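Input: a single structure, listed below in structure tokens.
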Amino acid sequence: MPVESWLIFLLSFMIVGSIIALEMKDLLSAIISIGVVGLGVSMAFLLLQAPDLAIVQFLFEIFSIVIMVRAFIKKDYHKEEPSKVNKILAGVTVITLIAVFFLSVPLFKLLPPFGEPLMTTARYYLENGARETGSANIVSAVILDYRAYDTLGETTVLFTAILGTLTIIRIKKRAKPTEEEKP
Amino acid sequence: MTVYLLCFTLFLIGLYGIITKRDLVRIIISSGIMGYAVNLMIVLFGYKNGSIYPIFVKNMPISPQAMVDPLPQALVLTSIVIELGTTAMLVALAVRLFEKYQTFDITKIRRLSG
Amino acid sequence: MKQQAGMTLIVKTVTRISVWLIMLYGIYIILHGHLSPGGGFAGGVIIALAFLNVMLAFGRDFIKNWLNIEMLHDIDSSSAMMFLAVGILGMAFGGSFLANFISHGTLFNLVSSGTIQVLNIVIGLKVGMGLFIVVWALALFHLDRKEMK
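Protein chains in written order, with the numbering used here: chain A, 1 to 183; chain B, 1001 to 1114; chain C, 2001 to 2149.
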């Protein structure tokens, strides 16, 4: 079967999985459904000939699931009340999103067809990458030699996000906030 | 083109979740769905029919014309890592909010005041 | 009390053997980042998952004695500084920030391609230590709140 048919099958499976993840009442089932959607994305990356991305997506998604289960599944957390869904907001949103979808179909017709990319810059990277950088993995050569500045920015963002998480979690309880103000 | 439209549908489902849902955990899950859809869309733009991954192997001569586009893969690598940092921070915020207000419902959190 | 002591005996025994293999696999993926798919990010997460395996199997108190958390903080922060140091050295020897100034070697060797391998190691350490510290802090957060109540 050609790649496009496999991708259509995987994408419909992911759409069903994400609808289940949003509508389930039980929290643990919703988190596991989102894990399954992430696995589907990883398999799609394998089909699209991107093994680097498949490994990284799979591992980071498992880590997200571990963090979410660790934080949200406890015995003394309440269950989500079957509360009154704001029907007007839901209806208006669905209609607006369907309208956006149908208005965007002519835009997608303007793109080059699936499987024929333009590749104007990438041709240079593919032909000269191995010789100029000495690395056999062209994706590594791009992120660590031609575009190493972007990787520096990404490392900084990850560092800041981790520091922010630690700061939020580690605030000790204060008895009276006004007493702690420094002059 | 069907593939692009299905990916856009996944993105719109995530958007619907962020706008309509009232539980903080669902909002975090929906932002994850939007992240998956965007990453998949960018890699879909770079696929070439009948091509192979952009890695040179020692005793197998591969012509550079038969490789997929490596640039979208490099950009999406960055994006996946940053998504994890954002999700970790959202989870930390949600845990602290639960500790203070004893609920995950965002309408109730807006009404109470410190 | 059973929750804090970790998991059953079978899990503990298998973890004792397999956690070193997981760490070895993570180091392999980091070092071969320029020859096969993976690189610094994937290898770093595998090392973090190895530590997480020990924490889940043996309990939170065991990790306090086994790993020095302050050292993980230091490795994390100094890896960010080392990235910048490689960049400035590139400016000194190669002419532009983050230039590839170490010699490239022959293609397909393990030690080749200059700063790409050094940067892979730096990123792997940073991502691994950072992600494990987040999960450890989350676990300790619940422990503190339980003790306060």
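Positions of the beta carbon are idealized from the N, C-alpha and C atoms, including for glycine. Model, not experiment: these values are computed from the prediction.
- Residue nearest to isoleucine 171 of chain A within the set B:Met1060, B:Ala1092, B:Asn1049 and B:Gln1065 is B:Ala1092 (criterion: CA-CA distance).
- Bounds of any alpha helix (DSSP H) do not take in arginine 1022 of chain B, whose DSSP letter is neither H nor E.
- In its chain, beyond the 5 residues on either side, Ala2057 have a beta carbon closer than 7 Å to the beta carbon of valine 2011 of chain C.
- The segment 2061-2072 of chain C makes no contact with the segment 2008-2028 of chain C; the number of CB pairs closer than 8 Å stays below 3.
- At a Cβ-Cβ threshold of 8 Å, leucine 46 of chain A and proline 1054 of chain B do not count as neighbours.
- For the C-beta of methionine 14 of chain A, the chain B residues within less than 7 Å are, from N- to C-terminus, Leu1010.
- Under the DSSP assignment, tyrosine 149 of chain A falls in the alpha helix (DSSP H) whose first and last residues are 148-169.
- Not a single CB atom of chain B sits nearer than 8 Å to the CB of proline 106 of chain A.
- Remark: C-beta atoms of serine 64 of chain A and alanine 54 of chain A do not approach each other more closely than 8 Å.
- Between the beta-carbon of tyrosine 1047 of chain B and that of leucine 111 of chain A there is about 13 Å, and that puts the pair past the 8 Å contact cut.
- Membership of histidine 2073 of chain C in the alpha helix (DSSP H) is indicated by the continuous run 2069-2093.
- In this structure, DSSP gives valine 69 of chain A a helical state, which the three-state scheme calls helix.
- The alpha-carbon separation between phenylalanine 2041 of chain C and isoleucine 2116 of chain C amounts to approximately 13 Å.
- Residues of the segment 2107-2123 of chain C that bring their beta carbon within less than 8 Å of a beta carbon in chain A comprise Leu2107, Phe2108, Ser2112, Ser2113, Gly2114, Thr2115, Ile2116, Leu2119, Asn2120 and Ile2123, in sequence order.
- When secondary structure is reduced to three states using DSSP, isoleucine 1062 of chain B falls in the coil class, being assigned neither helix nor strand.
- A distance below 8 Å between beta-carbons, with the five flanking residues on each side excluded, links methionine 24 of chain A to the following residues of its chain, in chain order: Ala30 and Ser33.
- For the segment 2082-2103 of chain C, the set of residues with a beta-carbon nearer than 8 Å to any beta-carbon of chain A comprises Phe2083, Leu2084, Gly2087, Phe2097, Leu2098 and Asn2100, in chain order.
- The segment 1012-1030 of chain B and the segment 137-152 of chain A do not touch, with fewer than 3 CB-CB distances between them shorter than 8 Å.
- Between valine 1081 of chain B and phenylalanine 60 of chain A, the C-beta spacing is below 8 Å.
- Listed along chain B, the residues sitting closer than 7 Å to glutamate 4 of chain A by beta-carbon distance are Val1003.
- Per DSSP, the continuous alpha helix (DSSP H) segment holding tyrosine 125 of chain A begins and ends at 122-133.
- For valine 2127 of chain C, the closest C-alpha among the options C:Leu2049, C:Phe2108, C:Ala2005 and C:Val2086 is that of C:Leu2049.
- Between asparagine 1049 of chain B and chain A, the shortest Cβ-Cβ separation is below 8 Å.
- Under the Cβ criterion of 8 Å, isoleucine 1055 of chain B is counted among the residues facing chain A.
- Under the Cβ criterion of 8 Å, phenylalanine 2058 of chain C is not counted among the residues facing chain B.
- Inter-residue distance for asparagine 2120 of chain C and glycine 129 of chain A is about 17 Å (C-alpha atoms, whole angstroms).
- Close partners of tyrosine 1036 of chain B in chain A (Cβ separation under 7 Å): Val37, Gly38 and Val41.
- Around threonine 155 of chain A, the beta-carbon contacts reaching into chain C at under 7 Å are Ala2080, Phe2083, Ile2123 and Lys2126.
- Going by DSSP, glycine 2033 of chain C is part of no alpha helix (DSSP H) at all; its letter is neither H nor E.
- Fewer than three Cβ pairs drawn from the segment 1056-1068 of chain B and the segment 1083-1090 of chain B lie within less than 8 Å of each other, which leaves the two stretches out of contact.
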